Amino acid sequence: MIKRVKDRNAKKIANKKKKERELHLIAINNGRLVPKLNEKTKRLVIKPESSALSFYLIINDSVTCFEQHLNDILQHKPYDVMLVKVFFGILRVEMIEKCAHESKFQFVNPELLDDEYFDWTTQVVLDLVKYRDVEIHNSMVTTSMNDEFKRHGRFFIITMRIMTHWHFLVWSRAENKYTHYDSNREIRGAFNVGAAKRTAMWMTKWFREFLFTDRHSVPKFIDCMIYPQEINPKLDGGLYMLHGISSLIDYLHIEDGVFNNISLEAHMSWKKSEVPKIRNGLFRRLSERMEYGDWTVKMENSNGRNKRFNRKWNISHCAVYYTRYVLHTSISFTIHSG
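Per this note's numbering: the sequence shown ends with 489, consecutive numbering throughout.
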């Protein structure tokens, strides 16, 4: 019964999505329907001369990245924070298509727990940080949450990057439990577990303050020992993390997975022979929902409508990302602010 309802709803949503896509294409192409916009995006991404182009999520142009970030998937390179943000944006769209509540899964801003980010507040234990810095960090975590997270948020996904390696935590609100998933346990296991426990301390502080969890209850910490391990421990952490998060949401999005016929651990397992297929699937999944756009034009248009991009902060923020991208590709540019 549940499967029939799910299939019927999925078909309705697919038809509605197709119609919305056609209307969108007509609107941006002077009344002409251009049926293969996503194929165009894939071709642009692969071209070397497109490395500095900006791409945006079709239905939400606040989610953006550069061409190289998408191409990093195919080139087996470490993933950037911007690519993880794009992935989260696409997950939110997919959850709506699956008829799951958008706020059920919450994603903490990956910048906040990235050791390459300019803010190193969370790189030390909580007791060594000034109270004011803790308050600022907590407010930034709150900003990254979706609406109604206090009421509907059940699973909080917390990504971490330590020395170019990605791994993640999942906090279950009902069980007050952290589960750590790491695809590089053999080489960096103790180091990554330490970072995950430090992150859990920071997030527990936030949960107690903003979700009003029991201040005297100590959350459980579980290190998943059967999570698939990377083929190349230096390069595949991002791929394994994103696919693991996808598998987790796919398992839990209906009634927290209680009616599934297999365990969560089995659902989040895959063979090494499947990795090339997973990699290509991730690239298609992200690129098919992205479109090319000039970021300066988009910001000017958005400012004109007073909907987003406070120029004082957002343009400088984009400039920081662009500078990091340019340095990453060893191309020298000078960015002049207007």
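We put the beta carbon where it would ideally sit given N, CA and C, even for glycine. All values reported here derive from a predicted model rather than from experimental measurement.
Status (buried if at least 16 other CB within 10 Å, exposed otherwise) for residue i
i: K163; result: exposed
i: I309; result: buried
i: A341; result: exposed
i: K218; result: As written in the sequence, residue 218 is Glu, which differs from the Lys given in the question. With 16 or more other Cβ atoms within 10 Å, it is buried.
i: I153; result: exposed
i: R440; result: buried
i: H367; result: exposed
i: I490; result: In the structure displayed, the chain extends from 152 to 489; residue 490 sits before or after that span and is not available.
i: N383; result: exposed
i: D270; result: exposed
i: P379; result: buried
i: A351; result: buried
i: T490; result: There is simply no residue 490 to check, as the chain begins at 152 and stops at 489 in what is shown.
i: D231; result: buried
i: S438; result: buried
i: K236; result: buried
i: F410; result: exposed
i: W464; result: Interpretation of W464 is limited by its pLDDT of 41, a score under 50 that renders its predicted location unreliable; the figure taken from the coordinates is listed afterwards. Its Cβ having fewer than 16 others within 10 Å, W464 is exposed.
Inter-residue Cα distance where the pair is residue i and residue j
i: I247; j: W322; result: 21 Å
i: E406; j: A203; result: 42 Å
i: N431; j: G388; result: 16 Å
i: L208; j: G240; result: 8 Å
i: N166; j: L415; result: 31 Å
i: S488; j: Y282; result: Any reading at S488 is ruled out, since the residue's pLDDT is 41, under 50, leaving its predicted position unreliable.
i: F206; j: Y443; result: 4 Å
i: D158; j: E286; result: 45 Å
i: P229; j: W353; result: 25 Å
i: V292; j: A346; result: 18 Å
i: A325; j: V244; result: 24 Å
i: E301; j: R436; result: Contrary to the premise, residue 301 reads as Lys rather than Glu in this sequence. About 30 Å.
i: N327; j: N211; result: 32 Å
i: F307; j: V259; result: 7 Å
i: E262; j: C375; result: 24 Å
i: G408; j: M419; result: 13 Å
i: H318; j: V156; result: 35 Å
i: N222; j: F434; result: 8 Å
i: N335; j: E381; result: 6 Å
i: K423; j: D333; result: 15 Å
i: K168; j: V276; result: 46 Å
i: V280; j: D265; result: 17 Å
i: I396; j: D278; result: 30 Å
i: G304; j: P370; result: 17 Å
i: Q274; j: L390; result: 23 Å
i: A417; j: M392; result: 16 Å
i: T330; j: F256; result: 15 Å
i: F544; j: L403; result: Lying outside 152 to 489, the shown extent of the chain, residue 544 is not represented and no answer is given.
i: M296; j: M311; result: 17 Å
i: K268; j: F363; result: It should be noted that the sequence gives Tyr, not Lys, for residue 268. Distance between the alpha carbons of Y268 and F363 is about 29 Å.
i: H316; j: N160; result: 38 Å
i: V92; j: P427; result: Any property of residue 92 remains undetermined from this structure, which presents the chain solely from 152 to 489.
i: A251; j: R359; result: 26 Å
i: E171; j: T355; result: 41 Å
i: H227; j: L386; result: 6 Å
i: K249; j: S398; result: 14 Å
i: K348; j: D365; result: 19 Å
i: E253; j: L234; result: 20 Å
i: D298; j: L320; result: 21 Å
i: E425; j: D284; result: 43 Å
i: F238; j: T272; result: 25 Å
Those residues which DSSP pairs with residue i across a bridge
i: V321; result: I308, T330
i: K443; result: Residue identity differs from the one stated: residue 443 is Tyr in this sequence, not Lys. Y443 is bridged to F206.
i: K348; result: Per DSSP, none; premise fails for K348.
i: D374; result: H331
i: H316; result: I313
CB-CB length for residue i against residue j, believed under 8 Å
i: I429; j: H394; result: 5 Å
i: I313; j: N343; result: 6 Å
i: L242; j: I373; result: Contact doesn't hold; Cβ gap of about 23 Å is too wide.
i: W357; j: N289; result: 5 Å
Problem - Runs of alpha helix (DSSP H) lying entirely within the region 212-297, each at least 4 residues, in chain order - result: The region 212-297 contains these whole alpha helix (DSSP H) runs: 218-225, 232-248, 282-294.
Problem - Segments of 4+ residues assigned as alpha helix (DSSP H) that fall wholly inside the region 359-414 - result: 388-403
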